[in-house]
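**Q** In the numbering used here, the protein residues as written are 15 to 110.
Glycine included, every Cβ here is placed at the ideal spot set by N, Cα and C.
The structure that follows is given in the form of structure tokens.
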């Protein structure tokens, strides 16, 4: 079986970072498990220190309802925490 070592992506990551800086958009990165997506994004992030990255791990949620909660809490973590505290404080501990 042919094995390929790490492929150098620094130059491409720098070009992609420049493109993001010039024209911010939403990008989705797709590839096989273990293909180097995370390593590539880390390289891109290193060139964009003043940008906020939101990483959605869509394989984590177990069902559609938890997917919505996961997306919201990842994008708006502070608001999600406030909502969680509010729900906990307003939910009765027992039913009469």
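Can you give, in chain order, each stretch of the alpha helix (DSSP H) that sits fully within the stretch 60 to 94 and has at least 4 residues?
**A** Qualifying alpha helix (DSSP H) stretches, in chain order: 78 to 89.
**Q** Kindly indicate which residue of 19, 91, 43 has the alpha-carbon position closest to the one of residue 27.
**A** For the purposes of this step, residue 27 is taken as residue 13 along the chain shown, with counting starting at 1. Ranking 19, 91, 43 by Cα distance to residue 27 puts 43 first.
**Q** Using a Cβ-Cβ cutoff of less than 7 Å, which residues in the same chain neighbour residue 57 once the five nearest sequence positions on both sides are dropped?
**A** Your numbering for residue 57 matches position 43 in the chain shown. Closer than 7 Å at the Cβ level, and outside the excluded window around residue 57, lie 23, 24, 27.
**Q** What did DSSP end up calling residue 41 once you bin it into helix, strand or coil?
**A** Locating residue 41 in the chain shown gives position 27, where the first residue counts as 1. Note: residue 41 maps to coil in three-state DSSP.
**Q** In whole angstroms, give me the CA-to-CA distance for residue 46 and residue 21.
**A** Residue 46 sits at position 32 when you count from the first residue of the chain shown. Residue 21 sits at position 7 when you count from the first residue of the chain shown. Using only the alpha carbons, I get a separation of about 15 Å.
**Q** Mind reading off the beta-carbon distance from residue 86 to residue 95? Whole number of angstroms is fine, and I expect it under 8 Å.
**A** As a first step, residue 86 must be located in the chain shown, where it is residue number 72. As a first step, residue 95 must be located in the chain shown, where it is residue number 81. Wrong, their Cβ atoms sit about 11 Å apart, outside the cutoff.
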